[in-house]
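In this note's numbering, the protein residues as written are 54 to 224.
Using N, Cα and C, we set each Cβ at its ideal position, and we do this for glycine too.
Please read the structure below before turning to the comments.
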């Protein structure tokens, strides 16, 4: 399984989609570390999110297959961030967009939606992740240059991202 790379998406993995209980516990711990860093470096994380949105837009202009994977990737982030439960709020806009992307009936469960998004996001390849990570590192370096007091928190975000990838990408 390919990780939805940005640490913002780590909570999606806590659903234990194809993860052992130990790995799911580690992912949950990483998500908590990320949330603490988000309190300190929120503006930097918003910048990272915008860069990811630009990558999605680029892929959608370039190739329809990659577009679906990147849309799943970003919808997974949005669904996780909104803390929406598609079983409880089926009319939630993000839930509707996810069902549309997955060509799922209106009664698709929250678990089915998240599982489908994760599966579709696997189209973002391990090779692509290497370049995405390099780009994210450059953004973090820039943030550290501009806001040295937030650098540690931003490096933690980068670290959490890598640790999450290692857990999910390990055999």
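**Prompt:** In its own chain, which residues sit with a C-beta less than 6 angstroms from the C-beta of residue 138, not counting the 5 before and 5 after it?
**Reply:** Excluding sequence neighbours, residue 138 sits near 163.
**Asked** Can you tell me the Cα-Cα spacing of residue 156 and residue 201, whole angstroms?
**Response** Put simply, the backbone Cα of residue 156 is about 45 angstroms away from that of residue 201.
**Item:** Enclosing alpha helix (DSSP H) for residue 115 [first to last residue]
**Value:** Segment 95-115, the alpha helix (DSSP H) holding residue 115.
**Asked** Quick one: any contact between the segment 92-101 and the segment 110-121, if contact means 3 or more CB pairs under 8 angstroms?
**Response** With contact defined as three or more Cβ pairs closer than 8 angstroms, the segment 92-101 and the segment 110-121 are not in contact.
**Request:** Determine the contact status of residue 151 and residue 170, defining contact as a CB-CB distance below 8 angstroms.
**Result:** Taking 8 angstroms as the cut-off, the Cβ atoms of residue 151 and residue 170 count as close.
**Of the residues 145, 105, 209, the one placed nearest residue 166, counting alpha carbons only** = Of the candidates 145, 105, 209, the residue whose Cα lies closest to the Cα of residue 166 is 145.
**Message:** I believe residue 154 touches residue 124 by the beta-carbon criterion, under 8 angstroms. Please report the beta-carbon distance rounded to the nearest angstrom.
**Reply:** Going by Cβ atoms, the distance from residue 154 to residue 124 rounds to 6 angstroms, so yes, they are a contact pair.
**Prompt:** Using the rule of at least 16 other Cβ atoms within 10 Å of the residue's Cβ for burial, across every protein chain shown, is residue 109 buried or exposed?
**Reply:** When all chains shown are included, residue 109 counts as buried.
**Prompt:** Does DSSP classify residue 161 as helix, strand or coil?
**Reply:** The answer is coil: DSSP assigns residue 161 none of H, G, I, E or B.
**Asked** From the beta carbon of residue 205, is the nearest beta carbon of chain D less than 8 angstroms away?
**Response** The chain inventory of the structure shown lacks chain D, comprising one protein chain alone.
**Prompt:** Hey, would you say residue 197 sits closer than 8 angstroms to residue 207, going by beta carbons?
**Reply:** The Cβ-Cβ distance between residue 197 and residue 207 falls below 8 angstroms.
**Prompt:** Do the CB positions of residue 147 and residue 131 come within less than 8 angstroms of each other?
**Reply:** Yes, they are a contact pair.
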